[in-house]
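Each residue of the sequence shown is one higher than the one before, counting from 1 in the numbering used here.
Ideal Cβ positions, reconstructed from N, Cα and C, are used throughout, including at glycine.
Accompanying notes for the structure given below.
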Amino acid sequence: MRGLNAPPRSIVAPASLTARAVVSVCSRLSTADVVKEAGATMFRGGAYKPRTSPYEFSGLGQEGLRLLAEAKERTGLPVVTECMDVRDLPAVAEVADVIQIGARNMQNYTLLSEVGRTGIPTLLKRGLSSRLEELLMAAEYILKEGNERVLLCERGIRTFETAYRFTLDLTAIPVLKELSHLPVIVDPSHAAGRRDLVEPLSLAAAAAGADGIIVEVHPQPEEAICDGPQQIRGSDFAEYAAKVEQAAALAGKSLGAAV
Ligand code: PEP
Ligand code: MN
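See the structure below:
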């Protein structure tokens, strides 16, 4: 798959940020077409979804993986998807170009090692209350298996503030880049939990030097099975991506030609 055998930096953002987004949706395949046209470089969809309540929709499982394979086939976009459990790893590894390890599993050391052994590029999300050192040590579990293609993801942390879901830790971007050679990806969608905050946080992250943005997009967020309030509209994505490109330029990153 294009670009995935290159060093980690180029998995999501060839050469530099280019602000072309990694995009996620819950299940709608049509989103893949929308975002591809606007220049997204990867497509993220969760077949296995960690949910705070066990009574909420937790993904389509095997069927979700099949839909992702279809999205990949149709668009040619590499696929990012989460693996929550080592028992699902063989099936996930068949489809995933990048395996996501969710915030709640950041310190699931067995999972980290097993994912490391697959050699598949891995997006490691920072735990809800994890220090950067803990994130970097979690990354080491994957790296030590010989898998060097790890992307670190800042997705907001718990603070005393309750006005929004999580506090996006922008300071983590330059600090992680100072401490590590690994690319730093920012997820403004899960951090904010609100559509109106996604753009300002994305601009700030890009200007602060993020190597990529992972953003939730849906053709009709009102109809999304989960996370609708934080999803930007498919019809707004191209304009959003263009603005993020401009912010990335402030950080001296080259702009993506595709947006
Ligand atoms: C997700 O990315 O789908 C997700 C649930 O995010 P996090 O693990 O950061 O909460
Ligand atoms: Mn989500």
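Review point. Would E63 be called buried (16 or more neighbouring beta carbons within 10 Å of its own) or exposed?
Key: Counting Cβ neighbours within 10 Å, E63 comes out exposed, since fewer than 16 surround it.
Exercise for review: Kindly examine the ligand PEP and report whether one of its heavy atoms sits closer than 8 Å to the Cβ of D33.
Suggested key: Closer than 8 Å to some heavy atom of the ligand PEP: that does not describe the Cβ of D33.
Review point. Is the beta carbon of L197 less than 9 Å from the beta carbon of Y240?
Key: No Cβ-Cβ contact shorter than 9 Å links L197 with Y240.
Point to revise | K144 - DSSP class collapsed to helix/strand/coil | key: Annotated three-state conformation of K144 is coil, per DSSP.
Check your understanding: Closest by CA to V284, which one among E161, P183, L77 and T81?
Key -> With the chain running from 1 to 259 in the structure shown, residue 284 is simply not present.
**Study point:** Residues near the ligand PEP, criterion Cβ-heavy atom distance below 7 Å
**Key:** Any residue whose Cβ sits closer than 7 Å to a heavy atom of the ligand PEP makes the list: S24, G46, K49, P50, E82, Q100, G102, A103, R104, K125, R155, D187 and H190.
Check your understanding: For E161, which of helix, strand or coil comes out of DSSP?
Key -> Here E161 sits in coil by DSSP.
Check your understanding: Which class does H218 belong to by DSSP, given the choice of helix, strand or coil?
Key -> H218 falls in the strand class under three-state DSSP.
Practice item. Could you tell me if the beta carbon of C226 falls within a distance shorter than 8 Å of some heavy atom in the ligand MN? Key: Between the ligand MN and C226, a heavy atom-to-CB distance of less than 8 Å is present.
Practice item. Compare the C-alpha of A242 against each of A224, L89, S202 and E216 and name the closest. Key: Answer by Cα proximity: S202.
Review point. Over what stretch of residues does the beta strand (DSSP E) that includes G64 continue unbroken?
Key: G64 -> not in any beta strand (DSSP E); alpha helix (DSSP H) instead, spanning Q62 to T75.
Check your understanding: Tell me, which residues are paired with R233 by DSSP?
Key -> In DSSP, R233 forms a bridge with H218.
Point to revise | Local conformation of E260 per DSSP, three classes | key: The question about residue 260 has no answer here: the residues shown for the chain are numbered 1 through 259.
Check your understanding: How is the beta strand (DSSP E) around T122 delimited, first residue to last?
Key -> Where T122 is concerned, the enclosing beta strand (DSSP E) stretches over T122 to K125.
Check your understanding: Going by alpha carbons, who is nearest to L143 out of M42, G234, G39 and S180?
Key -> The residue among M42, G234, G39 and S180 with its C-alpha nearest the C-alpha of L143 is S180.
Review point. In the DSSP assignment, what residue or residues form a beta bridge with L151?
Key: DSSP, once it has assigned bridges, lists L123 as partnering L151.
Review point. Applying the criterion that 16 or more other CB atoms from any shown protein chain within 10 Å of the CB defines a buried residue, is Q100 buried or exposed?
Key: Buried is the call here.
Practice item. Tell me whether D85 is buried or exposed, calling it buried when 16 or more other Cβ atoms sit within 10 Å of its Cβ. Key: D85 comes out exposed.
Check your understanding: Would DSSP call Q246 helix, strand or coil?
Key -> In the three-state scheme derived from DSSP, where H, G and I count as helix and E and B as strand, Q246 is classed as helix.
Review point. If you follow the beta strand (DSSP E) that G45 is part of, which residue opens it and which one closes it?
Key: From DSSP, the beta strand (DSSP E) with G45 extends over M42 to G45.
Check your understanding: In angstroms, rounded to a whole number, what distance separates the CA positions of D169 and G193?
Key -> About 14 Å.
Practice item. Grab me the residues of R51's own chain with a C-beta within less than 6 Å of its C-beta, minus the 5 sequence neighbours each way, in chain order. Key: Counting only residues of its own chain and dropping the five nearest sequence neighbours on each side, R51 has a CB closer than 6 Å to the CB of S58.
Exercise for review: Return the CA-CA distance between P14 and P174, expressed in angstroms with no decimal places.
Suggested key: Note on P14: pLDDT 28, under 50, position unreliable in the model; the coordinate value appears next. Taking the Cα positions, P14 is about 19 Å away from P174.
Exercise for review: Give me the Cα-Cα distance between A210 and E223, rounded to the nearest whole angstrom.
Suggested key: Going by the C-alpha atoms only, they are around 30 Å apart.
Point to revise | Contact check, A191 vs R155, beta carbons under 9 Å | key: Yes; because the gap between Cβ atoms is below 9 Å, this pair is in contact.
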